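A short worksheet on the structure shown next.
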Amino acid sequence: MRHANIAIFVPHLGCPQQCSFCEQRAITGRVQAPPPRAADVEEAARAASASLGERRRETEIAFFGGSFTAIQREYMLELLEAGAQAVARYGFRGIRCSTRPDAVGREVLDILKAYPVTAVELGAQSMDNGVLAANRRGHTAQDTARAAERLHEAGIELGLQMMTGLYKDTPEKTLRTAEALIGLEPKTVRIYPTLVLPGTELARLYEAGLYRPQSLEEAVELCARLLERFQKAGAAVIRMGLHPGPELEQRRLAGPYHPAFRQLVESRLFLYRLKKALGGPGRYRVEVNPREFSTALGQKRENLKRLAGAGYQVALAQAEAVPAGEFRVAAGPGVQKGAP
């Protein structure tokens with residue numbers, strides 16, 4: 464049963480920092496929206512319940528968009544109470560929230576445990592203290608590690624969020640961040656390539672020629688490597704790239720944006736795994752599950768073009784007998800593990 468969220472955006476409340484990349488109006492898609500109240504939570508829950516059916520059991524009320532555990536305490540309790548009532552009334556799985564790593568103290572955890580909070584996502588972004596400082600995050604990698612440990616001790620599911628292409632970051636530092644996050648044993652991960660949005664410190668650095676954003680190709684290559692690492696570690700990557708929307712597309716100054724970013728990454732990872740399984744140039748027939756056929760092809764048949772350029776003549780075919788997440792190479796080793 465596929466997991467779902469009922470997203471309630473708490474716009475930029477509770478966060479004491481103005482990070483280099485942050486222009487939250489474009490990121491959340493909420494322009495000058497008033498902060499949600501208890502009635503808004505109930506309305507969203509009721510509307511979602513009517514369409515979810517049995518999926519309600521794997522659905523969470525999700526407070527996103529700000530540093531939830533750092534907002535004004537009375538307001539946080541109001542939202543938690545409304546979320547708890549919705550969980551009880553409609554049979555949802557629980558409450559999920561996102562917050563800063565330095566806003567998960569013992570007192571906050573005691574409050575969260577008094578409500579049906581099932582998961583907390585930490586905006587780690589990087590585990591390199593130099594990168595964190597350069598981007599004005601206001602917390603350290605050690606804060607993230609301590610918060611993760613506290614959440615594990617409290618029995619609350621850990622989610623982690625990271626970014627690629629930050630100011631002063633490098634692919635090598637990003638890969639080390641991924642390994643450090645894996646060591647914290649998250650259940651879920653979100654990966655966000657950095658975009659340059661107007662009115663941010665990053666925009667000033669970009670316009671002054673002091674920051675070069677990732678190209679789309681660079682972001683896809685790096686995120687494919689990240690996805691493979693997290694999958695091997697058993698962490699579910701539940702999002703790659705910001706939610707697409709017209710405001711984000713219009714306001715973006717630079718950076719690796721694509722409305723189907725995740726599919727680009729999954730296609731690239733499929734290409735890596737297939738090429739490794741083939742072993743050398745030649746003609747092959749490769750069978751994949753029909754649900755993953757478009758990912759195997761790549762957008763505009765990009766994977767087949769790349770393979771042909773390297774001397775691999777591959778005919779892709781759909782086969783229901785091939786399990787999802789695997790592929791069969793007819794001219795070589797049996798069924799190969801993959802994650803198209």
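Quick note on numbering: the sequence shown equals residues 464 to 803 in my numbering.
The beta-carbon is built from N, C-alpha and C at its ideal position, and this holds for glycine as well.
Note that the structure is predicted; figures quoted are calculated from it, not measured.
Asked: Could you check which residue in Thr657, Gly743, Arg754, Ala611 has the C-alpha nearest to that of phenylalanine 484?; Found: Thr657
Asked: From tyrosine 720 to glutamate 710, what does the alpha carbon distance come to, in whole angstroms?; Found: 13 Å
Asked: If you drop the 5 nearest sequence neighbours on each side, which residues of the same chain put their C-beta closer than 8 Å to that of arginine 754?; Found: Ala787
Asked: Using a Cβ-Cβ distance under 8 Å, would leucine 760 count as near chain B?; Found: In the structure shown, chain B does not exist; there is a single protein chain.
Asked: Hey, could you find the ends of the alpha helix (DSSP H) serine 757 is sitting in?; Found: 756–760
Asked: How long is the line joining the alpha carbons of isoleucine 534 and leucine 690, rounded to whole angstroms?; Found: 32 Å
Asked: At which residue ranges does the region 633–702 contain complete beta strand (DSSP E) runs of 3 or more residues, listed in the order of the chain?; Found: 651–656
Asked: What's the C-alpha gap between threonine 532 and glycine 704?; Found: 24 Å
Asked: Is phenylalanine 790 closer than 8 Å to leucine 750 when the C-beta atoms are compared?; Found: A quick correction: the sequence has glutamate, not leucine, at residue 750. Yes, the pair counts as a contact, with Cβ atoms nearer than the cut-off.
Asked: Tell me whether the region 604–615 and the region 567–578 touch, counting them as touching only if at least three CB pairs, one residue from each stretch, are closer than 8 Å.; Found: yes
Asked: Considering only C-alpha positions, which residue in the set Leu585, Tyr538, Ala525 is nearest to isoleucine 558?; Found: Ala525
Asked: Determine, using beta carbons only, whether arginine 518 and glycine 554 come nearer to each other than 8 Å.; Found: no
Asked: Relative to the alpha-carbon of glutamate 486, which residue among Pro649, Glu620, Lys631, Arg667 has its alpha-carbon at the smallest distance?; Found: Arg667
Asked: Does DSSP classify valine 792 as helix, strand or coil?; Found: strand
Asked: Is DSSP giving asparagine 598 helix, strand or coil here?; Found: coil
Asked: Among Gly672, Ala604, Pro676, Tyr735, which residue has its Cα nearest to the Cα of arginine 769?; Found: Tyr735
Asked: Among residues of its own chain, excluding the 5 on either side of arginine 702, which ones have a beta-carbon nearer than 6 Å to its beta-carbon?; Found: Arg653
Asked: Are aspartate 591 and alanine 577 close, meaning C-beta to C-beta below 8 Å?; Found: no
Asked: Could you give the distance in angstroms between the alpha-carbon of alanine 489 and the alpha-carbon of leucine 585?; Found: Caution is warranted here: a pLDDT of 45 is assigned to alanine 489, below 50, making its placement in the model unreliable, and the coordinate value is therefore given only provisionally. Each residue's Cα considered, the two are about 21 Å apart.
Asked: Look at the alpha carbon of arginine 714 and the alpha carbon of glycine 662, and state the distance between them as a whole number of angstroms.; Found: 10 Å
Asked: Pick out whichever of Val550, Lys738, Arg639, Asn468 has its Cα sitting closest to the Cα of asparagine 766.; Found: Lys738
Asked: Quick check on alanine 723: buried or exposed, where buried means 16 or more other Cβ atoms within 10 Å of its Cβ?; Found: exposed
Asked: Please report the Cβ distance between leucine 647 and leucine 621, rounded to the nearest whole angstrom; I am assuming they are in contact, meaning their Cβ atoms lie under 8 Å.; Found: 7 Å
Asked: Tell me which residue opens and which closes the alpha helix (DSSP H) that alanine 508 is part of.; Found: 501–515
Asked: For alanine 778, write down the residues that DSSP places opposite it in a beta bridge.; Found: Arg748
Asked: Determine the direct distance from the alpha carbon of asparagine 598 to that of arginine 552, and round the result to whole angstroms.; Found: 42 Å
Asked: In angstroms with no decimal places, state the Cα-to-Cα distance between alanine 547 and alanine 771.; Found: 55 Å
Asked: Keeping to the same chain, check which residues put their C-beta closer than 6 Å to that of alanine 511; ignore five residues upstream and five downstream.; Found: Ile469
Asked: Apart from the five residues on each side of it in sequence, which residues of its chain come closer than 7 Å, Cβ to Cβ, to leucine 685?; Found: Thr627, Pro634, Thr637
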